[in-house]
Every structure is written in structure tokens, then in C-alpha cells.
Amino acid sequence: MWAWGCVERVAAGFLGGPLAAGGRWNTAVAVGVTAAAGLVLVAIVVSSRRGGLKSPWWRRRRKAPLTAQEWCDLFTPQGKLQDGGVKLLKKVRSGGIEPSIRAQVWPFLLGVSEAQRDVVKAQNRKGYLLLRKHCLRKLAYIMEESKQSTKTVKVNHEGSNSSEKGDESGCVSPFESEDVLENSGMGEATTEEGIPCLSTEQEVQDDTSETKPEQMNGNQSSSSSSDEEGSERSVVTQVEASHKNLASVCESSFEDGQESIPRYSNTGGNMDDVVLSKAARPVKSARATEDFETWQRIIRLDAVRANDEWISYSPSQAAVSKERAIESAKAVFLKDYDHLEPYRIHHASRLVAILEAYAIYDQEIGYCQGMSDLLAPLLAVLEDDDEAFWCFAGFMRKARHNFRLDEVGIRRQLNMVARIIKYKDFHLYRHLEMLQAEDCFFVYRMVVVMFRRELTFEQTLCLWEVMWADQAANRAEIANSSWRKLQLGAPPTDDLLLYAIAASVLQKRKLIIESYNSMDEIIRECNSMAGQLDIWKLLDDAHDLVVTLHDRIE
0 MWAWGCVERV AAGFLGGPLA AGGRWNTAVA VGVTAAAGLV LVAIVVSSRR
50 GGLKSPWWRR RRKAPLTAQE WCDLFTPQGK LQDGGVKLLK KVRSGGIEPS
100 IRAQVWPFLL GVSEAQRDVV KAQNRKGYLL LRKHCLRKLA YIMEESKQST
150 KTVKVNHEGS NSSEKGDESG CVSPFESEDV LENSGMGEAT TEEGIPCLST
200 EQEVQDDTSE TKPEQMNGNQ SSSSSSDEEG SERSVVTQVE ASHKNLASVC
250 ESSFEDGQES IPRYSNTGGN MDDVVLSKAA RPVKSARATE DFETWQRIIR
300 LDAVRANDEW ISYSPSQAAV SKERAIESAK AVFLKDYDHL EPYRIHHASR
350 LVAILEAYAI YDQEIGYCQG MSDLLAPLLA VLEDDDEAFW CFAGFMRKAR
400 HNFRLDEVGI RRQLNMVARI IKYKDFHLYR HLEMLQAEDC FFVYRMVVVM
450 FRRELTFEQT LCLWEVMWAD QAANRAEIAN SSWRKLQLGA PPTDDLLLYA
500 IAASVLQKRK LIIESYNSMD EIIRECNSMA GQLDIWKLLD DAHDLVVTLH
550 DRIE
């Protein structure tokens, strides 16, 4: 009203006499001035309220999740997503996904399945099986090296007689027992001719009618191995079937010719096949074998120790029989599992298989503790190992930087959390500076395992799928136009997790400022958040920070 009165006084003083004379022209001018004054008033009001705008999520806790019917309606008759996936991503970002369809939707969010799903699935399955065969070859090489080392010690202790007997054969001694083949699962399945097939845990779990990439017809003879089809038969299988030693298995399997296996590439894509040159053959590299042996040992320890939070999310896996669980454990040479229930043995075996395959796929990262925490929720939802592997590989496109030895990725993320806090609440940031905690090291665990230990299992799934939807929106560049940005609400970001971490700290600002006098106290507070966070309020606050700070932070 004050602004309106000022405008009226200005108009009266400017027009003065003419308005009093009641001239028609002067009346029109007065109307124009009044309209302009109204526009000025609106501009003043909007400007004064700009700082109070909230994110598009502020009015709700959570919208309804994506349902099975809505998921089906998102596809065209040709099987493609409508409008480039905007509706899908908007729905997931605002409400998550109904648990019953997560196994169908997650591959889309993680870039595994987009178009031609059947073709992609077949290619991915073949790639995963190739990686598993590579794992078994490396394992065979390690076991033979260990055996030879033990034998050398024994020979040196007993004398030269055993050494002379070993030299007569002219090759590395074979296994004296059937136990290793039996434990590996390689001797469990046979073809119609009685030739053992290479058995992986994927083949144990999935009794499908598909032709496996490495399977051969029962009527095909071993002499046709030079043919293109014959090249797909595992040389490992043939040699082990005739009780050859594992060292020659590794040698001959690579000398037969070049073989393509999937490798990680930062240019994107799941099936980035690389032809292995002689210099790149894994078992030929002492360093690569040494690293794999270390990774393998840590993977097995972490797998056996994995918790069982996932049980209620996968009843079929929880009901696995003891025989099948032991079978899957033998397939990956898992030991020390006698104290575990069958469902935990089966789960540990799947962890081992997929994490070993990833260590081959991305040898720069290999395996670090914490990666099993990221994989476990995927295994609870995805029952096919090949699909779980490629979804994990898609997840790790961003998460892999958390496991670099130089910790460059971790430092970048901690620095970003610190900047978000600084721009949003400078008072809190100054207090952190006083405590020498401005580097935000107290959220280190949250960053590395992506809130996995601060949230319940269901909350973790909700946070991750919303985060994946943001990353998918960026990956597809669907927010480039103003209209698409309006449809999506807050701008999508690859770093929604970091905004959520900053939001969790800001929610504790009063306690931190008034009660804590050291970084250790803040670390204890952050570690005690487990089960106490409201995931949808946290996402509301994170989106609010994105709306407010996105242009300044990124």
C-alpha cells in the first residue's frame, strides 16, 4: 500500500492541472501510469520474496512411487521409452520405485538396458561369462604356483630324488587328486559325450534354455577346435577333463589365439571389448596375478562377513537349499563358510563371483573394501548374476573414484560438501574451521559407501535410485532445454549424494555449534545417524540445496 500511495502522489504531481481539468488525453495518460505502477509493485514484491523460494519438493514428504502399470505405460508399442525417458526420471526422482519392479527399472537407470533389450542382455551375458572364465584361469594359475612352491620346499627338504622324478615328465606335475576339480564345480556338469563343461555360478543359478557362449554341441568333436565355433569351447575344460595340469591350462588357453573380454572404459558403454595382446594377457603378468591374488583374498573375507539385511527383499534367495548353496560356493572356491546358513553361503558366493569379475573388468581399481557394501543391495534385487554384474559396473562408473588409491575422487567430494555447507550456512562453516574440521573429513564414510551404513536397507535403495535417476538425466542430456528443466523440477546433478550428505550435516547444525568442541565428536555423531534419518526429508533438503546452490557449486 505504501508503494501504491507513492505512485498515486507522483502521478498527481506530474499531471497536476490537466488531470483536474478532466481532459480525455490526460485521463488516458493517468490510466497508463497506473498500469505501470502496478507492474512496478509486482516486481518489488517478487524481488523481495526471491530469497524465500523453496524447491519443488517442499510441499510433500514423498509422492507415490513408480508402479508396474505406470512402468508399462511409459513404453511405446515398439518397446521404446516415451519422451526420451523424461516421465520415467521425473517419477523416480520424486517418489522412487515400487519394490516389485526395481529389477526391471534399475538396468535402465544404470545405463545397462535402453533399446534392443534382448540383444543387449545376450551380449552382456556373454561378456560376464568371459570374465568369469578369466577369473578361473587366474585362480588356476595361482593355485598351481602355490602348489609348485610347496612342492619345491618339500623337494629341498627330502632330497633330490623327488626332483629327478619330476624332471622325467618334462612338464609341471598334474593334480594327484580329483578334489580340486570337484571343489571347483568344473566336474559337476558334463556334455552328452561325458566331457566336463566349465561351470560358473551363473550356470548353477540360471537353468535357462539359452545357449551359453562357451557351450558346445554334444556331437562336435574336440578335433574341430580350429573352427570359429570350436574356438568358443573353453580350452580350460578340455585340458582339465583329461587331467592336465593347471599351468598348461593357462598357457594353452591363451596361446590358442587372441580372445576378447570386456574392459572398463571411461568413454562409457558396458561392452567395451578389448582384444588381449600377448603383453596384456592376465596370467602372463606376474604383477596382475599378484594383485588378483590379494583382491581375491580380501573379497572372500568380506563376502563371508556380509550381513543378512537383504533377506526380506529376496525371498527366493533366502529359501535357497543347502545343496545349491554349497554347489555355488564350490564353483568359486569359497571356503570357511561352515558356520553360515545356506542363504548366506549363496549370497557370499555371488559376491565373490561378481567382485572377482569386476576386478578383471576394471584392473585400475580392482577391489577395495567397501565395494561389497555397494554390491549387496543390487544382489538382493537382481537374481541374475550377469545382470547384477553390469548394473554394478554401471553404478561404479561414478562410485569407482571412491576407491582410487590416490583418493583424488574422495578429496574432490569432501571439498564439494564443504563448499555446500559454506555457501548455505557460513556460521556453521566458521565453527567447523574453529574445530579444524572444515575439510569435512567427518563424512568420509558417508561418501565412500554412499550412505550405506547411515541408512536402513530400504532407505538406501530409495536414495540410490533417486541418485541414479539424476545421473541418467545428465547422461542423456535431457535437461538441456528450458522446458525439460521445468519438467524435471530441480536441475539434475551427478552429485546429489553430496547435497544429501551436506543436508544431513545442516540438519544437525544447532547440535554441532552448541555442543561439539572437536571433530571426533562430530564423527561420532555422524556414525550414530544409522536408522535415525528420514530419507524423504533428507532428499527434500538436498533438492532444496541443488535449487539454491547448483550454479555456484557446479
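In numbering that gives the first Met the number 0, the protein residues as written are 0 to 553.
Glycine is no exception: its CB is placed at the ideal position from the N, C-alpha and C atoms.
Computed from a prediction, not measured in an experiment: that's the story for all the values here.
Exposure label - Ser327; buried when at least 16 CB within 10 Å: buried
Taking 8 Å as the cut-off, decide whether the C-beta atoms of Trp70 and Cys390 are in contact. no
Which whole-angstrom value describes the C-beta separation of Ala63 and Ser99, a residue pair presumed to lie in contact below a C-beta threshold of 8 Å? No, Ala63 and Ser99 are not in contact; Cβ-Cβ is about 14 Å, not under 8 Å.
Pro261: first and last residue of the uninterrupted beta strand (DSSP E) it sits in: Its beta strand (DSSP E) spans residues Ser259 to Pro261.
So, with DSSP's three-state summary, where would you put Leu73? coil
What is the rounded straight-line gap between the Cα of Leu197 and the Cα of Ser313? Note on Leu197: pLDDT 39, under 50, position unreliable in the model; no value is reported.
Can you grab the Cα-Cα spacing for the pair Leu532 / Leu496, in whole Å? 14 Å
Going by C-alpha distance, which of Asp361, Asp372, Gln362 and Asp335 is nearest Leu559? A question about residue 559 goes unanswered here, because the residues of the chain that appear run from 0 up to 553.
Between the segment 397–404 and the segment 432–440, do three or more beta carbon pairs fall short of 8 Å? no
Quick check: Ile353 and Phe388, are their CB atoms within less than 8 Å of each other? yes
On the DSSP bridge list, what partners appear for Ile96? Leu65.
Throw me the rounded Cβ distance for the Lys137 and Phe332 pair, which I believe falls under 8 Å. Contact doesn't hold; Cβ gap of about 11 Å is too wide.
Could you name the residues that DSSP lists as bridge partners for Leu80? Phe74
May I ask you to report which of helix, strand or coil DSSP gives His549? helix
Distance CB(Glu382)-CB(Leu108) smaller than 8 Å: no
Only counting runs of 4 or more residues, tell me where the alpha helix (DSSP H) segments fall wholly within the segment 351–382, in order along the chain. 370–380
What does the Cβ neighbour count give for Phe441, buried or exposed, with the cut at 16 atoms within 10 Å? The residue in question, Phe441, is buried, as its Cβ has 16 or more Cβ neighbours within 10 Å.
4 or more residues per run - each alpha helix (DSSP H) lying fully within the segment 302–330: 314–317 and 321–330
Leaving aside the five residues before and after Ser311 along the sequence, list all residues of the same chain whose C-beta is less than 7 Å from its C-beta, in chain order. none
Measuring CB atoms only, is the segment 494–511 touching the segment 531–545, in the sense that at least three cross pairs come out at less than 8 Å? yes
Identify, in the order they occur along the chain, each residue of the same chain with its Cβ nearer than 7 Å to the Cβ of Met433, setting aside the five sequence neighbours on each side. none
Could you check where the alpha helix (DSSP H) with Tyr443 kicks off and where it finishes? Tyr443 to Val447
Could you name the residues of the same chain whose beta carbon sits closer than 6 Å to that of Tyr263, not counting the 5 residues immediately before and after it, in chain order? Tyr360 and Asp361
Inter-residue Cα distance where the pair is Met518 and Gln506: 17 Å
Gly110 and Arg410 closer than 8 Å at C-beta: no
Under 8 Å by Cβ, that's how I've got Met449 and Ala398 pegged, so tell me the actual separation to the nearest angstrom. With a contact defined as Cβ atoms closer than 8 Å, Met449 and Ala398 qualify at about 7 Å.
Quick one: Cα of Ser145 to Cα of Ala305, how far? In this structure, the CA atom of Ser145 is about 28 Å from the CA atom of Ala305.
Whole-angstrom distance between Lys89 and Leu544, CA atom to CA atom: The alpha-carbon separation between Leu544 and Lys89 amounts to approximately 18 Å.
Enumerated in chain order, which unbroken segments of the alpha helix (DSSP H) with a length of 4 residues or greater are wholly contained in the segment 493–550? Every alpha helix (DSSP H) of 4 residues or more that sits fully in the segment 493–550 is shown, in chain order, as 495–505, 508–514 and 518–526.
Coil, strand or helix - Ala489 by DSSP: DSSP places Ala489 outside both helix and strand once states are collapsed to three, so it counts as coil.
Does DSSP put Gln435 in a helix, in a strand, or in coil? coil
By Cβ distance below 7 Å, which residues in the same chain neighbour Tyr336 in space, the five residues on each side in sequence not counted? Val303, Ala328, Ile344 and Ala347
Rank Val416, Tyr357 and Glu476 by C-alpha distance to the C-alpha of Tyr127 and give the top, closest one. Tyr357
Does Ile477 come out as helix, strand or coil in the three-state DSSP assignment? Three-state DSSP puts Ile477 in coil, outside helix and strand.
Return the first residue and the last residue of the alpha helix (DSSP H) that Glu406 is part of. Unbroken run through Glu406: none, as it is neither H nor E.
Alpha helix (DSSP H) segment containing Asp384, residue limits: Asp384 to Ala398
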